[in-house]
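Notes follow once the structure below has been shown.
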Amino acid sequence: MEGEQKIIIGEKVLRRRELFEEEVARRERAKLSFEEKIKILIDLQKLARDWGGKKDVIIWQI
Amino acid sequence: MKETLKVLNKLKEKGLVQDYAIGGAIAALRWIEPFFTQDLDVFILLKDGDEKKKEVIDLSPIYEYLKSKGYKWKGHWIMIEGVPVDIFPADPLEKEAIEQAQEVEYEGIKTKVIVPEYLIALFLRAGRNKDCRKIEMLLEQCQIDKERLQKILSQYGLDEKFKEFEERGYGR
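In structure tokens form, the structure reads like this:
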């Protein structure tokens with residue numbers, strides 16, 4: 042059932058509806074490790090380059 | 484990123500900088516949810532101290548060292564191990580922010596990151612829309628020591644600016 046679907050962020054397990062409670066979700070994402078956040082940042086850089094049309098975005102090396 | 488931090492630590496070991504701390508968006512990202520940014524802002528304390536009193540601040544030895552290691556300019560950034568880095572000599576507020584920065588580890592490499600209270604003061608002083616958004620996220624997503632923040636804002640004459648920021652109800 043969709044309502045019971047669990048979503049894992051790092052060590053946290055959230056229910057789908059909790060993920061969409063924006064403030065809660067933001068606070069949860071804020072608790073990710075520095076390393077995990079940098080990995081997400083690199084994904085965001087790739088998204089900006091490949092989908093956002095920002096061809097000059099520099100993708101960090103980790 | 485790990486290799487970039489090793490190079491920054493090397494600057495300290497070699498005595499080219501007295502101390503440094505990560506600031507700007509990447510420091511904010513340490514405390515709040517991930518968001519898009521491109522560069523790594525690094526605030527440095529130079530060996531011989533009080534930058535404020537000098538008419539000219541010479542960062543050449545740092546850049547010469549980095550150049551000798553093969554790191555090149557890309558626009559206004561210096562590319563260190565694939566990461567675009569901006570290096571800023573600290574003014575008094577940034578100096579205090581470096582001294583009070585938190586030691587953290589990134590993949591086993593020690594570094595220092597400016598704490599939220601100082602970041603808020605620095606973003607407030609910069610005052611662009613993107614800085615205000617970061618202040619808002621810091622206030623919303625992490626534990627702020629209100630007393631400490633107030634002290635910093637008063638000390639650096641940012642009280643009024645913060646009041647204006649609050650009155651605007653930014654983002655609400």
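The listed protein sequences correspond, in order, to chains A and B.
Positions in the first sequence are counted from 1; adding 41 to them yields the numbering used here.
Positions in the second sequence are counted from 1; adding 483 to them yields the numbering used here.
C-beta: ideal position from N, C-alpha, C; glycine also.
Only a predicted model underlies this, so the values are computations on that prediction, with no experimental measurement involved.
Measure the beta-carbon distance from residue i to residue j and round it to whole angstroms, keeping in mind my assumption that it falls under 8 Å.
{"i": "Leu632/B", "j": "Glu600/B", "result": "4 Å"}
{"i": "Asp574/B", "j": "His559/B", "result": "About 19 Å; that fails the 8 Å criterion."}
{"i": "Gly51/A", "j": "Glu77/A", "result": "6 Å"}
{"i": "Leu636/B", "j": "Ala604/B", "result": "6 Å"}
{"i": "Met484/B", "j": "Ile100/A", "result": "The Cβ separation is near 12 Å, so there is no contact."}
Please confirm whether residue i and residue j have their CB atoms less than 8 Å apart.
{"i": "Pro572/B", "j": "Ile527/B", "result": "yes"}
{"i": "Glu486/B", "j": "Glu564/B", "result": "yes"}
{"i": "Leu523/B", "j": "Ile545/B", "result": "no"}
{"i": "Cys625/B", "j": "Phe648/B", "result": "no"}
Residue i versus chain B: which residues are under 8 Å apart at the beta carbon?
{"i": "Leu85/A", "result": "Pro517, Phe518 and Phe519"}
{"i": "Val54/A", "result": "Here the premise fails: no neighbours, minimum Cβ distance about 18 Å."}
CB-CB under 8 Å to residue i, same chain, minus the five flanking residues each way: which ones, in chain order?
{"i": "Arg608/B", "result": "Leu576, Tyr639, Leu641 and Lys644"}
{"i": "Lys617/B", "result": "Ala508, Ala511, Ile515, Leu602 and Phe606"}
{"i": "Leu73/A", "result": "Ile50, Gly51 and Ile81"}
{"i": "Lys552/B", "result": "Val490"}
Which residues in chain A sit within 7 Å of residue i, going by Cβ to Cβ distance?
{"i": "Val587/B", "result": "Phe75"}
{"i": "Leu512/B", "result": "Lys78 and Leu82"}
{"i": "Glu590/B", "result": "Glu76"}
Just to confirm my understanding: we take residue i, look at its own chain, exclude 5 residues before and 5 after, and list those with CB closer than 7 Å. What are they?
{"i": "Pro517/B", "result": "none"}
{"i": "Glu586/B", "result": "Lys593 and Lys595"}
{"i": "Lys646/B", "result": "none"}
{"i": "Val65/A", "result": "Glu59"}
{"i": "Tyr554/B", "result": "Ile561, Met562 and Ile563"}
Can you list the residues of chain A that residue i reaches, using a CB-CB cut of under 8 Å?
{"i": "Lys578/B", "result": "Near Lys578/B there are no residues of chain A at all, since even the closest Cβ is about 24 Å away, more than 8 Å."}
Taking residue i as the query, report the chain B residues whose CB atoms sit under 7 Å from its CB, ordered along the chain.
{"i": "Trp101/A", "result": "Met484, Gly565 and Val566"}
{"i": "Arg70/A", "result": "Glu516 and Pro517"}
Since residue i meets chain B, which of its residues come closer than 9 Å, beta carbon to beta carbon?
{"i": "Arg67/A", "result": "Ile515, Glu516, Met620, Glu623 and Gln624"}
Across the segment 87 to 100 of chain A and the segment 497 to 507 of chain B, are there enough close Cβ pairs to call them in contact, namely three or more that are closer than 8 Å? no
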